[in-house]
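In the numbering used here, the protein residues as written are 3 to 165.
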């Protein structure tokens with residue numbers, strides 16, 4: 003019985019991530035238009051495209067696990083998205099808006115890193131080695147985006163916002 007519950011929990015996690023990827027893709031598109039720094043805009047656009055690819059991968063993993071995408075919104079990503087909208091709207095200066103956009107993107111990325119990593123470990127424990135490897139790859143992609151944002155913010159966004 004516990005294994006069946008664990009399998010169902012894995013499917014629910016995939017459903018939550020599918021919703022988060024869809025919400026994240028839209029949030030990234032919205033935030034991108036408010037960024038003034040070309041490098042940050044490029045990273046955000048690539049992040050949106052990556053979220054779209056991840057949503058496709060999650061859909062496939064859901065089907066392979068015997069699940070279907072859910073219409074239930076991911077409450078964690080809803081909160082992150084709402085926070086992004088608030089901080090971006092509150093920033094009047096373009097440099098501060100860029101710094102706010104980076105901070106919001108990194109908060110989102112840290113959620114994905116934790117969620118993908120958790121499901122990768124779950125898939126591994128369920129004997130789903132191929133799925134675990136894909137989720138690990140997605141985790142690594144999010145870590146790489148986080149590092150790119152860190153470098154860009156240290157080099158430009160935070161420096162300009164503090165002047």
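Quick reminder that beta carbons are idealized off the backbone N, C-alpha and C, glycines included. Since the structure is predicted, the reported quantities are computational estimates derived from the model, not experimental observations.
Linking residue 49 to residue 10 through their CA atoms gives a straight-line distance of about 29 Å. Relative to residue 37, the option among 73, 13, 87 and 6 whose CA is nearest is 87. The DSSP-derived three-state label of residue 74 is coil. Burial check for residue 129: the Cβ neighbour count within 10 Å stays below 16, so the residue is exposed.
Nearest Cα to residue 89 within the set 69, 105 and 133: 105.
Between residue 83 and residue 29, the CB-CB gap stays under 9 Å. In the DSSP annotation of this structure, residue 155 is not part of any alpha helix (DSSP H), being labelled neither H nor E. Counting every other CB atom within 10 Å of its CB across the protein chains shown gives residue 22 a total of 16 or more, marking it as buried.
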